[in-house]
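Okay, structure first, notes after.
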Amino acid sequence: LDPGKRRTKHFSLTEEQILAIAKLEPTTYHMTKAKDVFLFLFSCAGMRFSDMIILQYDWIYKDDLGEKFDFDPEKTKERTSSTGELWITPQMRDIMNKYPGKGKYVFDFIDDGLTNSEIKRKKHSLISTINENLTKLVQTGVNLPERLSTYHARYGAASYMKRKTGASSNEVSEQMVNSPKMAEGYIHTPELKKEMQSVLSDVL
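Under my numbering, the very last position in the sequence shown is 221; numbers go up by exactly one each time.
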């Protein structure tokens, strides 16, 4: 079985589970931030956390369809010239406003001036803390995964888009900014791309 398909199956979430997670009430600041990270990644068509922490204000553009991020995904930028394209929904904007960066970065995870190696080390520390608090969060609910991580946001978004829009696996893979799929251009119009992404915020 293809590793991507295995991950999608293992980390998939039902609509009921997604709604349940959205309704959970965190009891600490760190659990609240972890939940917001999860919802942001989910709304961004399963954006990787490594891309979320380095989003920059300069990467926000306006087009006929609204505000969007144009970014080079860290994991795939060496393998394709295509960029990620994700529209900023009101739900995403609310989360961005809760944790604003003080410099060039959209979020407050990292400071300006860090080297790539420092950012990488910081990412590993942050993701461990976030996944730990996501797991604490779901333990307050019922019929939820025993452990929750940012992988669930990524692959849960993939399976949900596929179910709700009838998109092909290749279209979903492109939307998730997977190389080489995103270079193939399976999604023919930005309107379709935004429509696929919008179902994720709609469920929340």
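The beta carbon of each residue, even a glycine, is placed where N, CA and C say it ideally should be.
Residues that DSSP places opposite F124 in a beta bridge
Along the sequence shown, read from residue 1 onward, the residue named residue 124 stands at position 107. Bridge partners of F124: P117.
Contact set for M224: own chain, Cβ-Cβ below 7 Å, skip 5 residues either direction:
Because the chain here runs from 18 to 221, residue 224 falls outside it and cannot be looked at.
C-alpha distance - C61 paired with L103, whole-angstrom precision
Within the sequence shown, residue 61 is the residue found at index 44, counting from 1. Within the sequence shown, residue 103 is the residue found at index 86, counting from 1. C-alpha separation (whole angstroms): 6 Å.
contact_flag[the stretch 177-187, the stretch 42-56] where n(CB pairs < 8 Å) is 3 or more
no
Integer Cβ distance of A184 from G63, believed to fall under 8 Å:
In the sequence shown, the residue the question calls residue 184 occupies position 167. In the sequence shown, the residue the question calls residue 63 occupies position 46. Not quite, the Cβ-Cβ distance comes to about 13 Å (not below 8 Å), so this is no contact.
Rounded to whole angstroms, what's the CA-CA distance from G120 to E33? Just pull it up for me.
In the sequence shown, counting from the first residue as 1, residue 120 sits at position 103. In the sequence shown, counting from the first residue as 1, residue 33 sits at position 16. Roughly 38 Å separates the two Cα atoms.
Tell me whether V159 is buried or exposed, calling it buried when 16 or more other Cβ atoms sit within 10 Å of its Cβ.
Here residue 159 corresponds to residue number 142 of the sequence shown, with the count starting at 1. The residue in question, V159, is exposed, as its Cβ has fewer than 16 Cβ neighbours within 10 Å.
Within 10 angstroms of its Cβ, does T268 collect 16 or more other Cβ (buried), or is it exposed?
Nothing about residue 268 can be reported from this structure: the residues present for the chain run from 18 to 221 only.
Checking the sheet assignment: what are the DSSP bridge partners for Q73?
Numbered from 1 along the sequence shown, position 56 holds the residue referred to as residue 73. Its beta-bridge partners are Y122.
Below 8 Å between beta carbons: does that hold for L72 and F59?
What you label residue 72 is simply residue 55 of the sequence shown in a count that begins at 1. What you label residue 59 is simply residue 42 of the sequence shown in a count that begins at 1. It is not a contact, given that the beta carbons lie outside the stated cut-off.
Rounded to the nearest angstrom, what separates M113 and Y78 at their Cα positions?
As a first step, residue 113 must be located in the sequence shown, where it is residue number 96. As a first step, residue 78 must be located in the sequence shown, where it is residue number 61. Distance between the alpha carbons of M113 and Y78: 15 Å.
CA nearest to the CA of I38, picked from R164, K137, S190 and V123:
Looking up residue 38 in the sequence shown gives position 21. The option with the nearest alpha carbon to I38 is R164.
Alpha-carbon spacing of E208 relative to D80, whole angstroms:
Here residue 208 refers to the residue found at position 191 when the sequence shown is read from its first residue. Here residue 80 refers to the residue found at position 63 when the sequence shown is read from its first residue. Rounded to whole angstroms, E208 to D80 spans 11 Å at the Cα level.
Write down every uninterrupted run of the alpha helix (DSSP H) in the stretch 19-66 whose length is 4 residues or greater and which is fully enclosed by it, in chain order.
20-28, 32-40 and 46-60
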